Amino acid sequence: MDSADPARAFVKDVKRIIIKVGTAVVTRGDGRLALGRMGSLCEQIRELTSQGFEVILVTSGAVGVGRQRLRYRKLINSSFADLQKPQGDLDGKACAAVGQNGLMALYDTLFSQLDVTSAQLMVTDNDFRDPDFRRQLNETVNSLLCLKVVPIFNENDAISTRKAPYEDSSGIFWDNDSLAALLALELKADLLVLLSDVEGLYTGPPSDPQSELIHTYVKEKHEGLITFGDKSRVGRGGMTAKVKAAVYAAYAGIPVVITSGFANNNIIKALDGQRVGTLFHCEAIKWASIGDFDAREMAVSSRECARRLQTLSSQERSKILLDIADALEAKEEEILAENEADVAAAQQAGYENSLISRLAMKPGKLADGIILEKTSSPLGVLLIIFESRPDALVQIASLAVRSGNGLLLKGGKEAKRSNAILHKVITSSIPPTVGESLIGLVTSREEIPELLKLDDVIDLVIPRGSNKLVSQIKAATKIPVLGHADGICHVFIDKSADLDMAKRIVLDAKTDYPAACNAMETLLVHEDLVQTGGLNDLILELQEKGVSLFGGPKASSVLSIPEANSFHHEYGALACTVEIVEDVNTAIEHIHRHGSAHTDSIITEDKEVAELFLRQVDSAAVLHNASTRFSDGFRFGLGAEVGISTSRIHARGPVGVEGLLTTRWLARGSGQVVDGDKEIVYTHRDLNLEA
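Numbering follows numbering that gives the first Met the number 0, with no gaps: position 519 of the sequence shown is 518.
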């Protein structure tokens with residue numbers, strides 16, 4: 000055994016092995032049984048049993064063998080006229096019944112020549128629902144293994160009631176790959192070997208020259224990054240089914256190896272600790288190669304780089320920021336090309352228009368400028384999780400560099416190309432004295448739960464996305480979370496409002512960028528405007544702009560529009576809720592009850608009403624006679640923003656550089672001690688210090 004590969008060290012504890020062989024291995028391209036491969040398999044099993052291993056075989060191939068035999072039988076029994084007619088598909092269950100007989104006869108012949116006894120066990124998924132069956136299954140298999148008999152399992156397709164599609168929530172197993180994984184758990188196997196027609200799991204289709212064999216599958220790293228090729232040419236599954244079965248068994252504690260059934264002695268090589276095929280193991284993440292950062296390593300590395308960044312002067316950090324801006328401008332065409340590919344893929348995949356509008360980048364959105372400096376202390380390492388909007392990566396990275404923070408970024412998979420090129424360009428501008436690991440790009444969704452556990456090295460999480468995303472993150476971490484779950488922004492039109500102004504503001508708040516979190520989602524209107532007819536023109540204008548209107552109980556009746564399902568709803572599209580309220584106090588009460596404390600605006604010419612609204616509405620941003628769309632870090636003069644926070648502590652509203660800073664105390668003394676505060680009087684005065 001190769002002692003240098005700890006991933007293969009588990010084999011020393013293996014006693015009971017389940018081997019699954021697929022249809023593509025046991026049959027040839029013409030459907031006939033592959034005698035050479037089956038003979039080699041039986042010889043390996045004989046060798047293993049002679050070494051004291053307990054071997055259980057799960058085999059496919061019966062349907063394929065039966066189909067070939069029945070086609071021949073149908074051919075010789077058909078008249079010439081019959082052969083001129085369209086030939087329908089053969090009954091799969093009949094194929095299974097005929098093929099199983101021939102398949103087992105061959106196994107029996109091959110094993111008998113090797114002085115090995117085999118036994119046939121046929122099962123269906125319904126059998127496993129019966130606890131008595133499962134107990135008897137264990138007893139029978141244990142008895143056979145004690146007698147040095149090789150149990151051979153296959154699904155009894157001839158009488159199974161399962162119909163395509165095979166994989167659904169009602170099933171216990173769906174194919175022989177999942178049956179093998181189920182048996183591995185049920186029979187307490189020490190190793191599961193899944194034989195395939197390729198060497199193992201590749202990063203892409205094995206026929207692609209760019210695809211590489213994955214020696215050890217790390218779920219946190221590889222899930223979501225692998226592109227599967229075609230399913231099996233003859234069976235139900237293919238590599239997708241094998242990986243599902245392997246992950247299921249491995250994370251239940253049973254190691255799995257996917258390897259080629261075409262190569263000689265691969266099973267024995269695997270048990271000798273040699274690096275064949277792809278290994279699945281519940282502790283695989285611990286064996287990732289040194290060059291592959293796991294979640295913790297990425298976070299720790301970012302913190303170390305951030306500390307080096309913090310030692311640089313303000314001018315030096317500004318220089319890095321300018322270098323990043325130059326690099327982004329130099330690579331603008333390449334960045335936009337990758338972004339266009341993301342947009343095209345998102346459109347083809349059927350993503351919502353609101354998401355695609357956030358995904359698209361424009362040349363003017365690549366750099367928003369330099370942030371004003373406030374001398375303070377960086378927070379440390381930030382984890383930013385954002386959906387779509389690749390331009391947010393640039394803003395966030397700029398703010399992190401300017402404030403002296405390390406950064407871990409996780410963007411949406413729909414923008415993976417844009418995020419990758421932006422990350423590459425930005426980190427290439429970070430000097431070696433700091434280190435490119437200052438800004439890490441998290442590429443797998445599976446890494447997020449692990450990152451959220453790292454409260455000792457990550458100091459703040461800022462999720463930018465849907466309500467569901469933000470809520471899930473808040474519930475899953477001890478790390479402080481800065482952000483907002485909803486952007487349910489209100490505009491209240493008071494009875495004294497300038498209606499021309501109101502129309503401009505409302506249309507801008509809703510239609511300027513409907514997908515933005517600061518877009519108006521609810522329009523509140525003073526009831527007097529209904530009586531005077533001032534509301535009608537505004538409603539018509541919104542409808543002409545394509546805005547779908549939904550009403551509260553009052554508005555739906557008065558305006559004859561559909562009633563909204565809920566006042567607490569963020570549309571993120573050309574739609575909004577309208578409701579009629581009695582006065583400003585009722586409007587404030589409505590906002591507090593149904594809003595999200597994000598951004599709310601009042602349109603009124605009554606200064607007292609305006610001040611009442613501004614003082615009492617408890618939202619991160621409250622505006623008078625202005626669109627909610629102004630609630631933005633760039634528009635507020637912050638240069639850029641890392642997000643908008645609705646929390647009551649640390650930072651609130653659009654968060655720029657100041658929101659990524661905290662304070663600390665530096666004391667310079669000359670030997671003073673507290674000594675229980677004996678005979679000490681504390682006095683305090685301000686000192687004028689030079690910057």
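Yeah, the Cβ is synthetic: ideal placement off N, Cα and C, and Gly gets one too.
Owing to the predicted nature of the structure, the values given are computational and were not obtained by experimental measurement.
For residue i, the first and last residue of its enclosing alpha helix (DSSP H)
| i | result |
| --- | --- |
| Leu-392 | 390-402 |
| Pro-130 | 130-145 |
| Met-519 | Counting along the chain, Met-519 falls outside any alpha helix (DSSP H), though it belongs to the beta strand (DSSP E) covering 519-525. |
| Gly-260 | Element bounds for Gly-260: n/a, residue is neither H nor E. |
| Leu-193 | Note, Leu-193: premise wrong, no alpha helix (DSSP H); beta strand (DSSP E) at 190-195. |
| Lys-409 | It is not in any alpha helix (DSSP H) - Lys-409 instead sits in the beta strand (DSSP E) that spans 405-409. |
| Gln-209 | Neither: Gln-209 is in no alpha helix (DSSP H) and is coded neither H nor E. |
| Thr-48 | 34-49 |
| Asn-535 | 533-543 |
| Ala-248 | 238-249 |
Straight-line Cα distance separating residue j from residue i
| i | j | result |
| --- | --- | --- |
| Glu-198 | Ser-443 | 25 Å |
| Thr-104 | Thr-277 | The question names Thr, yet the displayed sequence has Ala at residue 104. So the two alpha carbons sit approximately 32 Å from each other. |
| Leu-392 | Arg-592 | 34 Å |
| Ile-383 | Asn-624 | 33 Å |
| Gln-347 | Glu-138 | 53 Å |
| Thr-531 | Val-654 | 41 Å |
| Leu-365 | Ile-643 | At Leu-365, the pLDDT of 44 sits below 50, so the modelled position is not reliable and the matter cannot be decided from this model. |
| Ala-574 | Val-122 | 55 Å |
| Ile-457 | Gln-471 | 17 Å |
| Ile-602 | Val-400 | 39 Å |
| Asp-705 | Glu-588 | Coverage of the chain is limited to positions 0 through 690, which leaves residue 705 absent and any answer about it impossible. |
| Gly-368 | Glu-351 | With a pLDDT of 41 at Gly-368, under the threshold of 50, the modelled position of this residue cannot be trusted; read the value that follows with caution. Straight-line Cα distance between these residues: approximately 30 Å. |
| Thr-645 | Pro-130 | 53 Å |
| Ile-334 | Leu-407 | 20 Å |
| His-567 | Leu-321 | 42 Å |
| Val-10 | Ala-244 | 20 Å |
| Asp-454 | Lys-423 | 27 Å |
| Leu-193 | Ser-142 | 24 Å |
Buried or exposed by the 16-neighbour rule on C-beta atoms within 10 Å, applied to residue i
| i | result |
| --- | --- |
| Pro-552 | exposed |
| Pro-377 | buried |
| Ala-359 | buried |
| Arg-628 | buried |
| Asp-174 | buried |
| Pro-208 | exposed |
| Ser-402 | buried |
| Asn-265 | buried |
| Thr-251 | Correcting the residue identity first, residue 251 is Ala in this sequence and not Thr. Classification of Ala-251: exposed, given that the 10 Å Cβ count is below 16. |
| Lys-409 | buried |
| Asp-536 | exposed |
| Ala-343 | exposed |
| Ile-151 | buried |
| Thr-576 | buried |
| Arg-66 | buried |
| Asp-499 | exposed |
| Gly-35 | exposed |
| Lys-187 | exposed |
Member of the options whose CA lies at the smallest distance from the CA of residue i
| i | options | result |
| --- | --- | --- |
| Val-546 | Ala-508, Gln-530, Phe-566 | Ala-508 |
| Cys-145 | Phe-127, Asp-124, Pro-204, Phe-52 | Phe-52 |
| Phe-261 | Met-37, Glu-581, Leu-637, Asp-271 | Met-37 |
| Ala-396 | Ile-425, Ile-253, Gly-410 | Ile-425 |
| Ala-118 | Arg-66, Val-275, Val-57 | Val-57 |
| Ala-336 | Ala-414, Val-10, Asp-325, Glu-46 | Ala-414 |
| Lys-147 | Asn-155, Thr-116, Ser-177 | Thr-116 |
| Val-140 | Gln-542, Glu-331, Arg-15 | Arg-15 |
N- and C-terminal bounds of the beta strand (DSSP E) containing residue i
| i | result |
| --- | --- |
| Glu-53 | 53-58 |
| Phe-612 | Premise fails: Phe-612 lies in the alpha helix (DSSP H), 606-615, not in any beta strand (DSSP E). |
| Pro-462 | 459-463 |
| Thr-22 | No beta strand (DSSP E) contains Thr-22, which is instead part of the alpha helix (DSSP H) from 22-25. |
| Ile-151 | 148-154 |
is_contact[residue i, chain D] using C-beta, thresh 8 Å
| i | result |
| --- | --- |
| Glu-339 | Among the chains in the structure shown there is no chain D, since it carries only a single protein chain. |
Cβ-Cβ separation, residue j to residue i (assumed contact under 8 Å), whole Å
| i | j | result |
| --- | --- | --- |
| Gly-21 | Ser-300 | About 42 Å; that fails the 8 Å criterion. |
| Asp-341 | Ser-465 | Actually they do not touch by this definition, with Cβ atoms about 18 Å apart. |
| Gly-550 | Ile-560 | 5 Å |
| Ser-428 | Ile-319 | 7 Å |
| Val-583 | Val-608 | 5 Å |
| Leu-200 | Tyr-216 | 6 Å |
| Thr-258 | Val-275 | 5 Å |
| Ile-17 | Ala-183 | 5 Å |
| Glu-445 | Lys-218 | 6 Å |
| Asp-176 | Lys-241 | 5 Å |
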